[in-house]
Amino acid sequence: EKVLLNDAILNASEAKVSVFDRGFLFGDGVYEVMVQLDNRFFFGKEHLDRLESSLKKVRLSFELSTLPQKIDRLLDATGLTTEDCLLYIQVTRGTAPRKHAFPKDTAPTLLMYAVPFVLPEVNNKPVSAVTRPDFRWHRCDIKMTSLLGNVMANDFAIQNGHYEAIFNRDGKMTEGTHSNLFFVNEGMVFTHPADEHILNGITREIVLQLCRDNNIPYREEAIAFERINAMDEAFLTGTTTQIAAIRQIDDHTFYHRVEPGPVTKKLQQLFFELKKNPILH
Ligand code: PLP
6 EKVLLNDAIL NASEAKVSVF DRGFLFGDGV YEVMVQLDNR FFFGKEHLDR LESSLKKVRL
66 SFELSTLPQK IDRLLDATGL TTEDCLLYIQ VTRGTAPRKH AFPKDTAPTL LMYAVPFVLP
126 EVNNKPVSAV TRPDFRWHRC DIKMTSLLGN VMANDFAIQN GHYEAIFNRD GKMTEGTHSN
186 LFFVNEGMVF THPADEHILN GITREIVLQL CRDNNIPYRE EAIAFERINA MDEAFLTGTT
246 TQIAAIRQID DHTFYHRVEP GPVTKKLQQL FFELKKNPIL H
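Below is the structure:
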């Protein structure tokens with residue numbers, strides 16, 4: 006398996022990073038995940054814009070202009086140029102003696118890899134989720150590599166036979182560990198506002214745009230945990246998840262448990278059409 010490390014294409018087993026890399030010591034880095042479908046990156050510009058924004062938020066200076074050319078080199082080396090694939094991009098603050106303060110004039114470390122992308126089964130089979138306290142910090146808007154909170158909650162979900170854990174912060178549901186959360190109530194779509202308590206997913210933004218373009222009413226408003234019972238439908242969104250209907254959250258089973266509910270299904274169809282022609286109005 007080939008990876009790109011800084012300027013070099015290497016076998017994964019030969020790609021080496023210093024033990025003093027701040028990504029390794031502090032989780033001091035940001036990342037992005039996007040998928041190539043039918044020969045183009047699905048909302049690639051939005052993903053690269055978010056990478057730029059994450060870099061700015063953590064004051065990490067990294068030259069992004071050469072990235073497209075490096076992506077091409079990586080896809081070429083992995084034989085994935087015309088294949089559906091997932092691209093992982095990570096930038097850390099680089100190698101320096103271990104001190105909390107940002108080092109001066111340290112070259113960042115860039116790592117990219119690409120693997121074939123297969124559409125997840127969860128797209129047509131409603132999934133089950135479990136809620137966990139949102140013990141993460143207050144800058145969930147940064148797509149950073151320090152993911153221990155997300156990893157711990159997701160591990161709890163998997164250990165208990167669920168697909169995803171949903172975070173509950175002060176009685177309100179924020180998002181999944183690697184997905185955004187939506188509800189539908191009497192035809193109205195709800196999702197947590199894009200503030201510092203969620204990562205504003207590119208898929209989340211696409212779904213909201215699909216709502217606007219198709220006269221599906223929505224509100225960016227968090228749903229309280231105790232109102233789960235009142236919701237008609239729930240679904241998760243994400244680059245690899247796409248749109249996954251939720252069958253069950255904790256003890257509450259949604260009425261539409263075998264098939265996605267009507268609004269979820271409609272959005273899945275619209276999303277599917279968009280993948281063939283990814284232009285939004
Ligand atoms: N929320 C979190 C915490 C995530 O890690 C992700 C993606 O990995 C998402 C939401 C969904 O974001 P996107 O749709 O851009 O993949």
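Numbered according to full-length UniProt numbering, the sequence shown spans residues 6 to 286. Every residue gets a Cβ at the ideal spot worked out from N, C-alpha and C, and that includes glycine.
Status (buried if at least 16 other CB within 10 Å, exposed otherwise) for residue i
{"i": "asparagine 220", "result": "exposed"}
{"i": "histidine 257", "result": "exposed"}
{"i": "lysine 148", "result": "buried"}
{"i": "asparagine 185", "result": "buried"}
{"i": "lysine 7", "result": "buried"}
{"i": "leucine 153", "result": "exposed"}
{"i": "leucine 277", "result": "First, the amino acid is wrong: residue 277 is phenylalanine here, not leucine. Phenylalanine 277 should be labelled exposed."}
{"i": "histidine 261", "result": "buried"}
{"i": "proline 198", "result": "exposed"}
{"i": "glutamine 74", "result": "exposed"}
{"i": "valine 132", "result": "buried"}
{"i": "glycine 34", "result": "buried"}
{"i": "glutamine 164", "result": "exposed"}
{"i": "residue 297", "result": "Any answer about residue 297 is impossible in this case: the structure gives the chain only from 6 up to 286."}
{"i": "threonine 97", "result": "buried"}
{"i": "valine 24", "result": "exposed"}
{"i": "arginine 103", "result": "exposed"}
{"i": "glutamine 274", "result": "exposed"}
{"i": "valine 212", "result": "buried"}
{"i": "arginine 252", "result": "buried"}
{"i": "glycine 206", "result": "buried"}
{"i": "histidine 143", "result": "exposed"}
Three-state secondary structure assigned by DSSP to residue i
{"i": "leucine 152", "result": "coil"}
{"i": "leucine 241", "result": "strand"}
{"i": "alanine 158", "result": "helix"}
{"i": "phenylalanine 31", "result": "helix"}
{"i": "alanine 13", "result": "strand"}
{"i": "glutamate 180", "result": "strand"}
{"i": "lysine 21", "result": "coil"}
Nonlocal neighbours in the same chain, by C-beta distance under 7 Å from residue i, ignoring five residues either side
{"i": "leucine 99", "result": "It is glycine, not leucine, that sits at residue 99 in the sequence shown. Contacts found: Asp26, Arg27, Thr111, Ala112, Pro113 and Thr114."}
{"i": "arginine 174", "result": "Asp139 and His202"}
{"i": "glycine 49", "result": "Met39"}
{"i": "lysine 88", "result": "It is worth fixing the name first, because residue 88 is glutamate in this sequence and not lysine. Closer than 7 Å at the Cβ level, and outside the excluded window around glutamate 88, lie Pro121."}
{"i": "lysine 21", "result": "none"}
Contacts around residue i, its chain only, beta-carbon distance under 8 Å, and the 5 residues preceding and following it disregarded
{"i": "leucine 69", "result": "Leu53, Leu56, Glu57 and Leu60"}
{"i": "histidine 183", "result": "Asn155, Asn159, Glu169, Gly243, Thr245 and Thr246"}
{"i": "threonine 136", "result": "Ala170, Ile171, Phe172, Asn173, Met178, Phe230, Ile254 and Asp255"}
{"i": "lysine 281", "result": "Asp43"}
{"i": "cysteine 145", "result": "Thr179, Glu180, Glu201, His202, Ile203 and Leu204"}
{"i": "alanine 235", "result": "Asn190"}
{"i": "cysteine 216", "result": "Val194, Pro222, Tyr223 and Leu272"}
Neighbourhood of residue i by C-beta, 6 Å cutoff - its chain only, sequence neighbours within 5 removed
{"i": "glutamate 37", "result": "His52, Leu56 and Ile94"}
{"i": "valine 189", "result": "Asp237, Glu238 and Val268"}
{"i": "lysine 177", "result": "Ala227 and Ala229"}
{"i": "asparagine 11", "result": "Leu115"}
{"i": "methionine 117", "result": "Leu9, Leu79 and Ile94"}
{"i": "glycine 32", "result": "Thr150 and Ser151"}
{"i": "alanine 250", "result": "Pro131, Phe240, Pro265 and Thr269"}
{"i": "asparagine 128", "result": "Gln247"}
Distance cut-off 7 Å: residue i Cβ against heavy atoms of the ligand FMN
{"i": "leucine 204", "result": "This structure lacks the ligand FMN; its bound ligands are the ligand PLP."}
What are the start and end residues of each continuous alpha helix (DSSP H) run of 4 or more residues lying completely inside the region 41-114, in chain order? Counting only runs of 4 or more, we get 49-62 and 72-83.
Can you list the alpha helix (DSSP H) stretches of 4 or more residues lying completely in the region 116-146, in chain order? Positions of the alpha helix (DSSP H) runs, each at least 4 residues long and wholly inside the region 116-146, cannot be given because no such run exists.
At what residue ranges does the region 200-278 contain a whole run of the alpha helix (DSSP H), taking only runs of 4 or more? Within the region 200-278, the complete alpha helix (DSSP H) runs of at least 4 residues are 207-218.
Quick check: the region 101-111 against the region 70-89, are at least 3 beta-carbon pairs closer than 8 Å? With fewer than three CB-CB distances shorter than 8 Å, the region 70-89 does not count as touching the region 101-111.
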